[in-house]
Amino acid sequence: MDFGIDFGTTNSACVGIQQKKRLIKYTDGYDNPFPSIVIIDPATGQVFCGREAWRNRESLRESCEIITSVKNYLGTDMTWKIKGRQWTSEMVAAEVFKGLKQQIKKRSKVVDIKEAVVAVPVGFAPEKKAALRNAARLADIEIKSFISEPASALFCNYAEVGHHSRVGVFDWGGGTLDVAIVENRNGRINELATAGLKLGGDDIDRKLAEWAHCQIINEKGLKIAFEQMPAEAQDELLAKCEVAKKELATEDLTNIQIWKYGELGEVNLILDIDTFSSLIDPEVIKAIECFEKCLHKGRISLDELGCILMIGGSVNLRPFSRQVRLRWKGREFYPPESDWSVAKGAASLSIQPGDYRLAQTIGVVMSDGSFYSLMKENDPVTYNCPVSNTFALVEEAATAHFVFMDDQGTTLGNLQVPAFGFFREKIDLQTSIDNNLIFHALARSRNRSSKLEKCWSYGNVRLNYQLPVIGLKVVNDA
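Just remember that this note's numbering sits 1194 ahead of the position in the sequence shown, which is counted from 1.
Set out below in structure tokens:
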């Protein structure tokens, strides 16, 4: 069984492919991705995850610690002190992985996830990758490799969009909007520009709930804010508004019905598509402008794009798709089950991996000012396989000074290595890229102790991703 995980800010999707043919989505029990929420009861230490935890989050807020968007805290010093225990972001993220693990075991008691390809945003910092890898290990899951979310989505839908040389990827989920412009040259993926907003379906659910609450209190002649309602009532109205939002993707009218909304009694509201469109128009405009700013950032016109790949649960909002159709000239492509595209692509790449290639040459400046290449553009990245070079001092000096540059003359960093101090003293340099895609340089004099070995690391290596040539044909689980 091969697995792919889209570890999201608000929701995380996990997909398995059995015997390289049968694709299985591990849902939250309601045919949706798994909420990335962790709720901890300080009295008992019990941890709650999943859709039920999400739906009851307001009612649990007074008695429990509620942690959302843990992905944003990875690689930081953020901690939560709960019942005398310090929870790091890695420990919290591990609970999301454990929740995904439980969903798999519920579906099939004989299947367990031990490793997976994990999709992350473009530009996900190296320290965040390392923290996410540690979090997965706490859940007994080994991350085989990381893949960018746009590359994963593109691979999932390559049969439909792979013939285009430039593709926009519009990923609008529950908590964030992530957009990218990617170049595709025979499966070699290069992200030309990216942008994002902290804006998603959860914000729209909240806006709908506040609108609905306003209609209710106006009708009943009351003055009570939504935040003053009992937590259980807030949870129920938010859940009903989420359902109404989804129904308006295909219907012109929907009902928001609650049998007992706190002390306000029964609620039965009608929400039509025109009112819904008017309510979320500011969010729709922000989302569209974010993508168009990304185009401008990449110095690319809309006409240069072959298509715009629309993924994530929020791209199916009808007011949004109407605006997009008018402004983007029908270039958008909506794959089926768009909020599972990234995880599906990651699972396929677990079976048939591509490889990272350097998109820049990294080297050192020699004493005469010339440039010596250590790793060259287009070289495949082989994790943790050091390349050795030996240099020599050209003068009697107490240190060997390495200046790392790319082939465009940009200085990347420096490394000072203690030396014994004689002419032509040998300095050994080993360079490698680890599985978190961090470049490392280790250097020491042959005449000094190994304790004096010095290391320089660089986390912003420019890379392309080469997709595998032949795609897999998988069948969705019935």
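Cβ coordinates follow ideal geometry from the N, Cα and C atoms, glycine included.
Length of the line joining the Cα atoms of residue i and residue j
i	j	result
Leu1674	Phe1585	Residue 1674 falls outside the range modelled here, since the chain spans only 1195 to 1672, and no answer is possible.
Asp1724	Ile1482	Because residue 1724 is not part of the residues shown, which for the chain are 1195 to 1672, the question remains open.
Arg1166	Gly1244	As displayed, the chain neither begins before 1195 nor continues past 1672, which places residue 1166 out of reach and without an answer.
Glu1589	Ser1561	10 Å
Glu1526	Leu1646	56 Å
Ala1672	Lys1300	With a pLDDT of only 39 at Ala1672, under the threshold of 50, the placement of this residue in the model should not be trusted, and no figure is reported.
Cys1649	Tyr1566	19 Å
Arg1249	Glu1430	7 Å
Glu1385	Leu1371	16 Å
Phe1598	Asn1630	20 Å
Ile1463	Gly1317	According to the sequence provided, residue 1463 is Leu. The question's Ile does not apply to it. Looking at the two C-alpha atoms, the distance is approximately 43 Å.
Val1286	Gly1356	37 Å
Lys1219	Lys1570	40 Å
Arg1255	Asn1572	51 Å
Ile1621	Val1373	45 Å
Arg1656	Thr1270	23 Å
Glu1445	Ile1211	34 Å
Leu1673	Tyr1352	This structure does not reach residue 1673, given that the chain is present from 1195 up to 1672, and the question cannot be answered.
Ser1535	Pro1529	8 Å
Residues sharing a beta bridge with residue i, DSSP
i	result
Tyr1659	Ile1383 and Tyr1550
Ile1199	Cys1208 and Val1312
Glu1377	Arg1360 and Asn1384
Ala1635	Thr1625 and Trp1650
Gly1390	Asp1372
His1407	The partner list for His1407 (beta bridge, DSSP) is empty, contrary to what the question assumes.
Lys1620	Ala1586
Phe1228	Ser1206
Thr1605	Met1599
Selected residue, minimal CA-CA separation from residue i, among the options
i	options	result
Gly1507	Arg1521, Gly1456, Glu1436 and Asp1549	Glu1436
Thr1593	Asn1630, Val1611 and Asp1600	Val1611
Thr1625	Pro1315, His1634, Arg1400 and Arg1656	His1634
Asn1658	Asp1399, Ser1564 and Asn1380	Asn1380
Gln1602	Ile1260, Lys1277 and Gln1554	Gln1554
Val1209	Ala1387, Cys1350 and Lys1322	Cys1350
Lys1401	Gly1492, Val1290, Ser1471 and Ser1359	Ser1471
Val1241	Asp1196, Ile1199, Phe1291 and Ser1532	Phe1291
Gly1548	Gln1660, Asp1225 and Ala1406	Gln1660
Ile1474	Gly1394, Gln1213, Arg1216 and Arg1642	Gly1394
Pro1662	Gly1390, Ala1345 and Phe1197	Ala1345
Count the C-beta pairs between the segment 1573-1587 and the segment 1604-1611 that are closer than 8 Å, then say yes if the count reaches three, no if not. The answer is no - the segment 1604-1611 does not touch the segment 1573-1587, with fewer than three Cβ pairs under 8 Å.
Completely contained beta strand (DSSP E) runs for the segment 1554-1593, where each covers 3 or more residues: 1556-1559, 1565-1569 and 1581-1586, all fully within the segment 1554-1593.
So, do the segment 1409-1426 and the segment 1520-1534 have three or more beta carbon pairs nearer to each other than 8 Å? Judged by Cβ distances under 8 Å, the segment 1409-1426 makes no contact with the segment 1520-1534, as fewer than three pairs qualify.
Given 8 Å as the limit, is there contact between the segment 1479-1495 and the segment 1338-1346, that is, 3 or more CB pairs closer than that? With a cut-off of 8 Å, the segment 1338-1346 and the segment 1479-1495 do not count as touching, because too few Cβ pairs lie within range.
Touch check for the segment 1281-1288 and the segment 1307-1318: three-plus C-beta pairs under 8 Å? Pairwise C-beta distances place the segment 1281-1288 out of contact with the segment 1307-1318, as fewer than three of them are shorter than 8 Å.
Are three or more beta carbon pairs between the segment 1394-1414 and the segment 1230-1243 nearer than 8 Å? In short, these stretches do not touch, since the Cβ pair count stays below three.
Can you list the beta strand (DSSP E) stretches of 3 or more residues lying completely in the segment 1293-1375, in chain order? Counting only unbroken stretches of 3 or more residues, the beta strand (DSSP E) elements lying wholly within the segment 1293-1375 are 1309-1314, 1336-1342 and 1360-1366, in sequence order.
Counting pairs of Cβ atoms below 8 Å between the segment 1536-1544 and the segment 1509-1517, do you hit three or more? The segment 1536-1544 vs the segment 1509-1517: no contact.
Per the contact definition of three or more C-beta pairs closer than 8 Å, is the segment 1253-1270 in contact with the segment 1224-1233? Yes: at least three Cβ pairs fall under 8 Å.
Which complete beta strand (DSSP E) runs does the segment 1502-1555 hold, if anything under 3 residues is left out? Runs of the beta strand (DSSP E) lying entirely within the segment 1502-1555, each at least 3 residues long, are 1549-1552 in chain order.
Secondary structure, alpha helix (DSSP H): runs of 4+ residues fully inside the segment 1419-1481: Whole alpha helix (DSSP H) segments, 4+ residues: 1425-1441.
At 4 residues or longer, and completely inside the segment 1246-1302: list those alpha helix (DSSP H) runs for me, N to C. If we require 4 residues or more, the alpha helix (DSSP H) runs fully inside the segment 1246-1302 come out as 1251-1254 and 1283-1301.
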